[in-house]
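Working notes for the structure below.
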DNA sequence: ACAAATATATAAGCATTTTATATATAATGC
DNA sequence: GCATTATATATAAAATGCTTATATATTTGT
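Residue numbers (the working numbering), protein chains in the order written: chain D, 1 to 110; chain A, 111 to 220.
Written out as structure tokens, the structure is:
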């Protein structure tokens, strides 16, 4: 399992990128997909995920549409235009961050 | 400049690794070294750094010794035994985290 | 003299995450 | 038939961790 501390600040980016890749997804699906892509190492909790989704929606980065699967409500999230471009920026930012931090964490004593 | 959100959770790791590489350092020196190693992209603030240093000390991962440079107090931090091994674990954890998140953030739509 | 750099430190406020809780349906195993 | 697990969304209190603001004091360069 990945240390939780490190995940801080990346949740938004993960959600945006998954939506950019998959068109539309619902909350539960997002947690499952992350678990799958990370080989079980990253497990998003709902208490963290839903506030992020609601915040992204409030900020106009994603839209929702409700669907009924039998009697069960399912809420699909889709990126808006601004959400899509923001997604790309966030992913670039992450890899830039990794490169930069690598300079700091790679050196070993002389 | 690196997005602040992403740095969350890595501060501890940065401090531990720098101390592991450099033997002993003082707070101000740590911020300067990080700025230098990251080509100005990462700037630690004192409000973030000192609480981390104090916490690491309280947890027994680092020790301090005070020195006087003229009339100015300078506080040197050194890793303890547990701090040294924890440092290695934390750095490994970071790169593991990066690899894992790369699996999540790399895929593009079919 | 004055400004900028050096040096440590605390505290209020803010954002984000964890943990706990609530609710309900559908599928699977025994 | 019944229980457990998986599916599915959501809120709220508490904890964590960082930013911003503030305080204080010395040393160096001009």
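Ideal Cβ positions, reconstructed from N, Cα and C, are used throughout, including at glycine. Fair warning: this is a prediction, and the values are worked out from it, not measured in the lab.
Query raised in the report: What are the uninterrupted segments assigned as alpha helix (DSSP H) that are 4 or more residues long and contained completely in the region 187 to 219 of chain A, given in chain order?
Result: 191 to 215
Query raised in the report: For the candidate residues A:217, A:142 and A:204, whose alpha-carbon lies nearest to that of residue 119 of chain A?
Result: Within the second chain, residue 119 of chain A is the residue found at index 9, counting from 1. Of the listed residues, the one whose Cα sits closest to residue 119 of chain A is A:204.
Query raised in the report: To which residues of the same chain is residue 14 of chain D closer than 7 Å at the C-beta, ignoring the five residues directly before and after it?
Result: Here residue 14 of chain D refers to the residue found at position 14 of the first chain. Leaving aside the five residues that flank residue 14 of chain D on each side, the residues in its chain whose CB is nearer than 7 Å to its CB run, in chain order, 34.
**Report entry** Backbone secondary structure at residue 14 of chain D - three-state DSSP
**Finding:** Position 14 of the first chain, counted from the start, is the residue given in the question as residue 14 of chain D. In this structure, residue 14 of chain D counts as helix in the three-state DSSP scheme.
Query raised in the report: Quick one: is residue 92 of chain D near chain A, going by C-beta distance under 8 Å?
Result: Here residue 92 of chain D refers to the residue found at position 92 of the first chain. Answer no: the Cβ-Cβ gap between residue 92 of chain D and chain A never drops below 8 Å.
Requested in this report: Anything in chain A within Cβ reach of residue 103 of chain D, meaning under 8 Å, just list it in chain order.
Outcome: Sequence index remark: in the first chain, residue 103 of chain D carries index 103 (1-based). Under the 8 Å cutoff, chain A gives 147, 148 and 149.
Report task. Please work out which residues of its chain come closer than 8 Å, Cβ to Cβ, to residue 66 of chain D, disregarding the five sequence neighbours upstream and downstream, and give them in chain order. Result -> Indexing the first chain from 1 puts residue 66 of chain D at position 66. Only 73, 74, 75 and 76 meet the Cβ criterion.
Requested in this report: Look up residue 185 of chain A in the DSSP assignment and give the residues it is bridged to.
Outcome: To locate residue 185 of chain A, count along the second chain from 1; it is residue 75. Its beta-bridge partners are A:176.
Requested in this report: State the beta-bridge partners of residue 135 of chain A as determined by DSSP.
Outcome: Stepping through the second chain from its first residue, residue 135 of chain A is reached at position 25. Per DSSP, the beta bridge partners of residue 135 of chain A are A:187.
Query raised in the report: Is it right to say residue 61 of chain D is buried, meaning 16 or more other beta carbons lie within 10 angstroms of its own, or is it exposed?
Result: Sequence index remark: in the first chain, residue 61 of chain D carries index 61 (1-based). Per the 10 Å Cβ criterion, buried.
Query raised in the report: Helix, strand or coil for residue 164 of chain A per DSSP?
Result: For the purposes of this step, residue 164 of chain A is identified with residue 54 of the second chain, where counting begins at 1. In this structure, residue 164 of chain A counts as helix in the three-state DSSP scheme.
Report task. Check the Cβ of residue 218 of chain A against every Cβ in chain D and list those closer than 9 Å, keeping chain order. Result -> Translated into the one-based positions of the second chain, residue 218 of chain A becomes position 108. Within chain D, the residues near residue 218 of chain A are 20 and 21.
Query raised in the report: Under a CB-based cut-off of 8 Å, is residue 46 of chain D close to chain A?
Result: Position 46 of the first chain, counting from 1, holds the residue named residue 46 of chain D. Not closer than 8 Å to any Cβ of chain A, the Cβ of residue 46 of chain D fails to qualify, so no.
Query raised in the report: In its own chain, which residues sit with a C-beta less than 7 Å from the C-beta of residue 32 of chain D, not counting the 5 before and 5 after it?
Result: For the purposes of this step, residue 32 of chain D is taken as the residue at position 32 of the first chain. If we look at residue 32 of chain D and ignore the five residues flanking it on each side, it has no Cβ neighbours.
Query - Contact set between residue 124 of chain A and chain D, taken where Cβ atoms lie within less than 9 Å - result: By 1-based counting over the second chain, the position of residue 124 of chain A is 14. Neighbours of residue 124 of chain A on chain D, chain order: 101, 104 and 105.
Query raised in the report: Helix, strand or coil for residue 60 of chain D per DSSP?
Result: Walking along the first chain from the start, residue 60 of chain D turns up at place 60. Coil.
**Report entry** Cβ shell of residue 18 of chain D (< 8 Å), same chain only, five flanking positions each side left out
**Finding:** Sequence index remark: in the first chain, residue 18 of chain D carries index 18 (1-based). Contacts found: 25, 30, 33 and 34.
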